[in-house]
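The next block holds one structure in the form of structure tokens; read it before the comments.
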Amino acid sequence: MLTKRIIPCLDVHDGRTVKGVQFQNLREAGDPVALADRYTKDGADELVFLDISATNEGRRTFAELVTEIAGVVNIPFTVGGGIRTTADVGRMLESGADKISVNTAAIENPSLLNELASEFGSQCVVIAIDARYHVPSSTYRLSTHGGSRMTEIDAHQWALESTDRGAGEILLTSMDRDGTKAGFEIELTRTISESVTVPVIASGGAGTVAHFAEVFGDGNADAGLAASIFHYDEIPIPELKRSLHQLGIPIRMGNGWRI
Numbered sequence: 025m026l027t028k029r030i031i032p033c034l035d036v037h038d039g040r041t042v043k044g045v046q047f048q049n050l051r052e053a054g055d056p057v058a059l060a061d062r063y064t065k066d067g068a069d070e071l072v073f074l075d076i077s078a079t080n081e082g083r084r085t086f087a088e089l090v091t092e093i094a095g096v097v098n099i100p101f102t103v104g105g106g107i108r109t110t111a112d113v114g115r116m117l118e119s120g121a122d123k124i125s126v127n128t129a130a131i132e133n134p135s136l137l138n139e140l141a142s143e144f145g146s147q148c149v150v151i152a153i154d155a156r157y158h159v160p161s162s163t164y165r166l167s168t169h170g171g172s173r174m175t176e177i178d179a180h181q182w183a184l185e186s187t188d189r190g191a192g193e194i195l196l197t198s199m200d201r202d203g204t205k206a207g208f209e210i211e212l213t214r215t216i217s218e219s220v221t222v223p224v225i226a227s228g229g230a231g232t233v234a235h236f237a238e239v240f241g242d243g244n245a246d247a248g249l250a251a252s253i254f255h256y257d258e259i260p261i262p263e264l265k266r267s268l269h270q271l272g273i274p275i276r277m278g279n280g281w282r283i
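In structure tokens form, the structure reads like this:
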């Protein structure tokens with residue numbers, strides 16, 4: 025059985041790690057390089073870096089900061105934010121990223137996914153799906169530009185299309201749950217996980233060990249991503265992994281520390 029992955033996320037604004045609720049009311053959470061180093065030593069399975077203001081500000085991701093972070097990690101490293109072209113992806117890979125995450129640019133130009141998969145391989149391409157529940161239609165719809173703009177696009181249908189176009193992994197964020205610590209959006213996660221053949225990373229709402237256990241079980245997610253519970257040491261990664269292991273969830277125990 026494949027092990028479930030625990031992935032801390034660095035949401036970066038102006039070179040500092042931040043965290044808010046639904047990407048609003050941001051507060052500082054520390055130096056991203058120091059946090060990346062800590063999470064690597066704590067046994068994180070992967071690391072995600074998201075330049076959350078790059079798209080709204082119409083600029084590219086900070087390549088120098090990506091290089092600094094890559095210098096202290098020895099785990100898979102995904103970078104997103106402001107990536108719009110194959111040249112942008114090439115620059116991030118040269119800076120030390122292993123995978124790149126695209127959202128707004130792919131929604132505006134779906135063929136970008138085909139181009140990226142052809143140029144770099146599907147294993148490098150992560151499609152970030154930021155979804156909100158749309159009450160009138162009882163469906164989940166995509167949001168873009170760091171969650172600030174809503175679309176009419178159905179999140180489930182986009183998951184199918186984006187993976188058909190070559191995305192090799194999905195980073196699925198419930199914008200309604202983001203930062204709330206109320207638990208992952210299980211129904212959405214399960215629907216998409218059971219519909220695609222690529223790994224799904226669940227994001228948005230992590231607050232307890234039970235939330236991870238639920239999203240790995242009922243949600244059928246391959247990985248769970250969180251930010252503030254790790255940044256503020258509310259649930260240290262070693263403690264989370266030990267607890268999940270005790271619940272019978274397959275987890276990789278690493279970097280020399282014991283269950």
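Position one of the sequence shown corresponds to residue 25 (our numbering), numbered consecutively onward. A virtual CB, placed ideally from N, CA and C, is assigned to each residue, including glycine. Computed from a predicted model, the values in this text were never measured in an experiment.
Quick check on residue i: does DSSP put it in helix, strand or coil?
i    : result
R108 : coil
T64  : helix
E185 : helix
K28  : strand
V214 : In the sequence under discussion, the amino acid at residue 214 is Arg, which differs from the Val named in the question. Three-state DSSP puts R214 in a helix.
E193 : strand
L74  : strand
F208 : coil
I253 : helix
R276 : coil
V36  : strand
V15  : Because the chain here runs from 25 to 283, residue 15 falls outside it and cannot be looked at.
N80  : For N80, the predicted structure reports a pLDDT of 49, less than 50, and the residue's modelled location is therefore unreliable. A value from the coordinates is still provided. The answer is coil: DSSP assigns N80 none of H, G, I, E or B.
What do you reckon, are the CB atoms on residue i and residue j nearer than 8 angstroms?
i    : j    : result
T102 : G120 : no
G114 : D75  : no
I23  : E193 : Outside the shown range of the chain, which is 25 to 283, sits residue 23, and nothing can be said about it.
R214 : D242 : yes
A60  : I93  : yes
T168 : T128 : yes
V233 : L268 : yes
I153 : L137 : no
G229 : S198 : yes
H180 : S219 : yes
A155 : L212 : yes
T64  : H255 : no
P32  : L71  : yes
S227 : L196 : yes
In terms of alpha-carbon separation, which member of the options lies closest to residue i?
i    : options                   : result
Y164 : R189, L137 and I210       : I210
G190 : A247, V150, M277 and G104 : V150
T204 : A250, A183, T110 and L166 : A250
G67  : V42, N98 and A58          : N98
D69  : A87, L34, K28 and H37     : K28
F144 : A155, S125, P160 and S161 : S125
A11  : M116, T110 and P160       : Residue 11 lies beyond the residue range present for the chain, which begins at 25 and ends at 283; the question has no answer from this structure.
D178 : S161, G170 and V96        : S161
F108 : V72, N133, C148 and I259  : According to the sequence provided, residue 108 is Arg. The question's Phe does not apply to it. If we check each option's Cα against that of R108, N133 comes out closest.
L271 : I261, F236, E258 and D122 : F236
Taking the beta strand (DSSP E) that residue i falls in, what are its first and last residues?
i    : result
V149 : V149 to H158
I177 : R173 to D178
I225 : V224 to S227
Alpha helix (DSSP H) containing residue i: first to last residue?
i    : result
E88  : A87 to A94
A247 : That residue, A247, is in no alpha helix (DSSP H); its beta strand (DSSP E) goes A247 to A250.
R201 : Segment: none, R201 is in no alpha helix (DSSP H) and carries neither H nor E.
S167 : Per DSSP, S167 belongs to no alpha helix (DSSP H); it is in the beta strand (DSSP E), T163 to T168.
A237 : V233 to G241
R266 : I261 to Q270
### Query
What runs of the alpha helix (DSSP H), each 4 residues or longer, lie entirely inside the segment 109-143?
110-118 and 128-132
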